[in-house]
Amino acid sequence: MRPRDDDAEDGTGEAGGFRGAGGAGGAGEYGDAGGPEGPGGFGGPGPGDGQPRIPLPRASVEDSGQPLPDVVPVVLEHHVLTSLLGAWALAACSAEEASAVEEHIGDCAACADEAVRLREAVTLLQRPESLDLDPALRTRVLDGCLERRPPRIPVPEWAAPYDAETARLDALLQDIGDAEWHAPVRLRWFEADGPASRRTTVAGVLAHLLTVDGAVAVGLGLADPMGEITAAGRGPAARTEAYWRASHYPPTRLVRAPWREQSHGIVRTVSFTGDEGGMPVSYGDFELPLRDAMLDRAFECWVHAEDIAEAVDYPYEPPAARHLNRMIDLAARMLPGALAARRRAGLAAPGGPHLVTAGEPGRSLRLEIEGSGGGEWLIPLDAPGAVGSAEHEVAHVALDGVEFCRLAAGHVPPADAAAGQLGDREAIRDVLFAAASLSRM
Amino acid sequence: MAKRDVKRDVPMRWDRKMQQRLARGEAAALGELYDRFASLVHGLAHRVLDDERAADRITRDVFAHVWEHPDAYDPRQGPLRTWVATLTHRFAVQRLRATETAALARGGPGTAEELELKVRHASVAARADYIVQSMPAPLRAALELAYFQRRDYRQTAADLGVTEDEARRRLRLGLQLLSTARDAPTAPEAPKAPPGYGGAA
Numbered sequence: 001m002r003p004r005d006d007d008a009e010d011g012t013g014e015a016g017g018f019r020g021a022g023g024a025g026g027a028g029e030y031g032d033a034g035g036p037e038g039p040g041g042f043g044g045p046g047p048g049d050g051q052p053r054i055p056l057p058r059a060s061v062e063d064s065g066q067p068l069p070d071v072v073p074v075v076l077e078h079h080v081l082t083s084l085l086g087a088w089a090l091a092a093c094s095a096e097e098a099s100a101v102e103e104h105i106g107d108c109a110a111c112a113d114e115a116v117r118l119r120e121a122v123t124l125l126q127r128p129e130s131l132d133l134d135p136a137l138r139t140r141v142l143d144g145c146l147e148r149r150p151p152r153i154p155v156p157e158w159a160a161p162y163d164a165e166t167a168r169l170d171a172l173l174q175d176i177g178d179a180e181w182h183a184p185v186r187l188r189w190f191e192a193d194g195p196a197s198r199r200t201t202v203a204g205v206l207a208h209l210l211t212v213d214g215a216v217a218v219g220l221g222l223a224d225p226m227g228e229i230t231a232a233g234r235g236p237a238a239r240t241e242a243y244w245r246a247s248h249y250p251p252t253r254l255v256r257a258p259w260r261e262q263s264h265g266i267v268r269t270v271s272f273t274g275d276e277g278g279m280p281v282s283y284g285d286f287e288l289p290l291r292d293a294m295l296d297r298a299f300e301c302w303v304h305a306e307d308i309a310e311a312v313d314y315p316y317e318p319p320a321a322r323h324l325n326r327m328i329d330l331a332a333r334m335l336p337g338a339l340a341a342r343r344r345a346g347l348a349a350p351g352g353p354h355l356v357t358a359g360e361p362g363r364s365l366r367l368e369i370e371g372s373g374g375g376e377w378l379i380p381l382d383a384p385g386a387v388g389s390a391e392h393e394v395a396h397v398a399l400d401g402v403e404f405c406r407l408a409a410g411h412v413p414p415a416d417a418a419a420g421q422l423g424d425r426e427a428i429r430d431v432l433f434a435a436a437s438l439s440r441m
Numbered sequence: 001m002a003k004r005d006v007k008r009d010v011p012m013r014w015d016r017k018m019q020q021r022l023a024r025g026e027a028a029a030l031g032e033l034y035d036r037f038a039s040l041v042h043g044l045a046h047r048v049l050d051d052e053r054a055a056d057r058i059t060r061d062v063f064a065h066v067w068e069h070p071d072a073y074d075p076r077q078g079p080l081r082t083w084v085a086t087l088t089h090r091f092a093v094q095r096l097r098a099t100e101t102a103a104l105a106r107g108g109p110g111t112a113e114e115l116e117l118k119v120r121h122a123s124v125a126a127r128a129d130y131i132v133q134s135m136p137a138p139l140r141a142a143l144e145l146a147y148f149q150r151r152d153y154r155q156t157a158a159d160l161g162v163t164e165d166e167a168r169r170r171l172r173l174g175l176q177l178l179s180t181a182r183d184a185p186t187a188p189e190a191p192k193a194p195p196g197y198g199g200a201a
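Note that the protein sequences, when read in sequence, are chains R and S.
Heads up: the first sequence runs through residues 1 to 441, numbered per full-length UniProt numbering.
Heads up: the second sequence runs through residues 1 to 201, numbered per full-length UniProt numbering.
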């Protein structure tokens, strides 16, 4: 169970947007039977606001010279007594007021009825149960619905991981307290074969997701979350830095609503694109087809949700196996391009003895991913367009799916990745470094 | 011309739009519906049934019902949230009654009267939860301070930055709203909208 230290949270989340839109109960409760209540509603000897509340004893008692009783009932007007009924029922008034109310309801049937009713109502007050909804319940419920009535406009299969990951992150965000939004987070990635990092906060991480998801939103014709903010470049890092800089104050929990609205808008809009997600989406310095961009955003959402969960000390599970499998597949498909880029930059060993033309089988590395969501991929080593081939396998790497994703996120240095290795050591090193180079801020 | 109540129009527009999207079979709309109401539905079902898996099942049934019968919701009768809460309440109470009746038939402990009492308690408790969640935020905040944080009404007034008169008024009004949770009958043929879910919440 997640800790819950924020009782002020109303627990209704987004649904809370309805509050204030009228009463919950039957009509008429707003009518106040106690009559108009102006300032200075205390009658009798009660002093004004801010004064000590102990009333002066009544003259007759004083005159008698007898000891004063501990609690002297104050003399209050009927409408004041009525207005006190709620506070009295909650034991939230002074002892003097309480005894005045009690004395009064001995004589006044209407107030006695209400007093009983309100006392009973108090017993209905219960602490909201801080039950965490099982994130897997969402998929089960939605799948059950869609089986009973197949959708005319389904969410594309390639958008399902993004839909699920954004919902999981949102459930985490619903449970964290105001202060936790400012918990420090260190974003980590791999750059030029070395670790890189950037300090921000939980809210800052969500602003990062908002701005980079924004690239997909813009590609779909939705509003750019950057608004009027201009960035030095169109890449993810430049957009994020510009967004952070544009505000005088660090981001707060207020960033949650626009992020969620945008992610819902993206899922909704991709349901209508209808071209198998082939539309190119520009990230500024690179491009992905929409279906891959959606996998990439799902992956980033999970990785940063883990950053957030770690910062606020909440548990967070890896994605569902079939979604994890799609994310690993995307990384595996991007590896040949990343290898080529490293080779061009002189960071990786030159291609093999025989150059391979596109579409031909070439030297390959078998990437075996264990655990849920795993599988096997043959990574062509010599050219991005070459075809992975079991006959030309020169190396075999085996590692756990989550570990591979942490490597591809730049959270585990390639040298430390817990990988079983067999075969061409140089090829293995190149592929592990290429995997890490897929990461970015 | 009277000023339009923007606060109220926005959710009503969202409700109507959601209904249209569900009706035309948009799976993304179902996801959004779940994201907005799942914790409400699960919470109410759990309050009635006091069982995690049973609450999961009610959650599944409620969303399946809304997805299969989006036209059953009439926006003129009130907000979508109220309709969803009413469905949840009805399904959960039906289920509680069914499981308790089955247990009784198998020779379990208790009497038919005790069963009715238990159903009624669970039903009232769930309705009370909903009323607290749906009442205007200032009333809920006052109750929260006075009841859970044990502040007296003067401290409550200071905490909320309102007059003491206003604090007393909010506490009384909040409890008056809450007391309507007991007003609904819990007969097997539950009415369409028990008082606790009615109104303009």
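Think of the CB as a built atom: it goes at the ideal place given N, C-alpha and C, for glycine as much as any other residue.
- Ala109(R): member of the alpha helix (DSSP H) spanning 109 to 122, first to last residue.
- Nearest neighbour of Ala415(R) by Cα position, chosen from Phe433(R), Phe404(R), Leu288(R), Ala409(R), turns out to be Phe433(R).
- Taking a C-beta cut-off of 9 Å against chain R, the contacting residues of the segment 115 to 128 of chain S are Val124, Ala125, Arg127, Ala128, listed in chain order.
- Judged by DSSP in its simplified three-state form, His392(R) adopts strand.
- With respect to chain R, the C-beta atom of Trp67(S) has a partner C-beta closer than 8 Å.
- Neighbours of Ala64(S) in chain R, taken as residues whose beta carbon is under 7 Å from its own, are Gly144, Cys145, Arg148 in chain order.
- Under the 10 Å beta carbon count, Ala112(S) is surrounded by fewer than 16 other beta carbons and is classified as exposed.
- A contact between stretches requires three or more CB pairs, one per stretch, nearer than 8 Å, and the segment 280 to 291 of chain R meets this requirement with the segment 205 to 223 of chain R.
- Runs of the beta strand (DSSP E) lying entirely within the segment 143 to 223 of chain R and spanning at least 3 residues, in chain order: 184 to 191, 194 to 201.
- Taking 8 Å as the cut-off, the Cβ atoms of Leu80(S) and Thr101(S) do not count as close.
- Taken through DSSP and simplified to helix, strand or coil, Gly362(R) comes out as strand.
- By the neighbour-count criterion, in which 16 or more other beta carbons inside 10 Å mark a residue as buried, Val255(R) falls on the buried side.
- For Ser179(S), the enclosing alpha helix (DSSP H) covers residues 164 to 179.
- Of all residues in the segment 250 to 278 of chain R, only His264, Val267, Arg268, Ser271 come within less than 7 Å of chain S when Cβ atoms are compared, listed by chain position.
- In the DSSP annotation of this structure, the continuous segment of the beta strand (DSSP E) that includes Leu422(R) starts and ends at 420 to 423.
- A Cβ-Cβ distance of about 16 Å is found for the pair Leu177(S) and Leu145(S), leaving them out of contact under the 8 Å criterion.
- Look at His89(S): its C-beta is not under 8 Å from any C-beta on chain R.
- One Cα belongs to Ala409(R), the other to Gly401(R), and the distance between them is close to 12 Å.
- Between the alpha carbons of Cys301(R) and Trp67(S) lies a gap of roughly 28 Å.
- Within chain R, the residues placing a beta-carbon under 7 Å from that of Tyr34(S) are Arg138, Val141, Leu142, ordered along the chain.
- Phe404(R) places its beta carbon less than 8 Å from that of Ile328(R).
- The C-beta of Asp178(R) has fewer than 16 other C-beta atoms within 10 Å across all chains shown, which makes the residue exposed.
- For Glu376(R), the uninterrupted beta strand (DSSP E) segment begins and ends at 375 to 380.
- Counting of Cβ neighbours within 10 angstroms places Arg140(R) among the exposed residues, the total staying below 16.
- Remark: C-beta atoms of Pro361(R) and Val387(R) approach each other more closely than 8 Å.
- When DSSP reads this structure, Pro413(R) sits in no beta bridge, so it has no partner.
- For the segment 170 to 182 of chain S, residues whose beta-carbon sits nearer than 9 Å to a beta-carbon of chain R comprise Arg170, Leu171, Arg172, Leu173, Gly174, Leu175, Gln176, Leu177, Leu178, Ser179, Thr180, Ala181, Arg182.
- Under the Cβ criterion of 8 Å, Leu85(R) is counted among the residues facing chain S.
- Annotation: Asp193(R) to Ser437(R) spans about 7 Å, alpha carbon to alpha carbon.
- Between the alpha carbons of Leu124(R) and His104(R) lies a gap of roughly 25 Å.
- Judged by DSSP in its simplified three-state form, Asp74(S) adopts coil rather than helix or strand.
- For Ile153(R), the neighbours in chain S by C-beta distance under 8 Å run, in chain order, Arg24, Gly25, Glu26, Ala27, Ala28.
- Scanning its chain for C-beta atoms nearer than 7 Å, with the 5 sequence neighbours on each side dropped, one finds around Ser197(R) the residues Arg186, Leu187, Arg188, in chain order.
- At least one CB atom of chain S sits nearer than 8 Å to the CB of Cys93(R).
- Spanning the alpha carbons of Gly86(R) and Val119(S) requires a straight line of approximately 28 Å.
- Taking a Cβ-Cβ cut-off of 8 Å, the neighbours of Ala38(S) in chain R comprise Leu133, Leu137, Arg138, Val141, given in sequence order.
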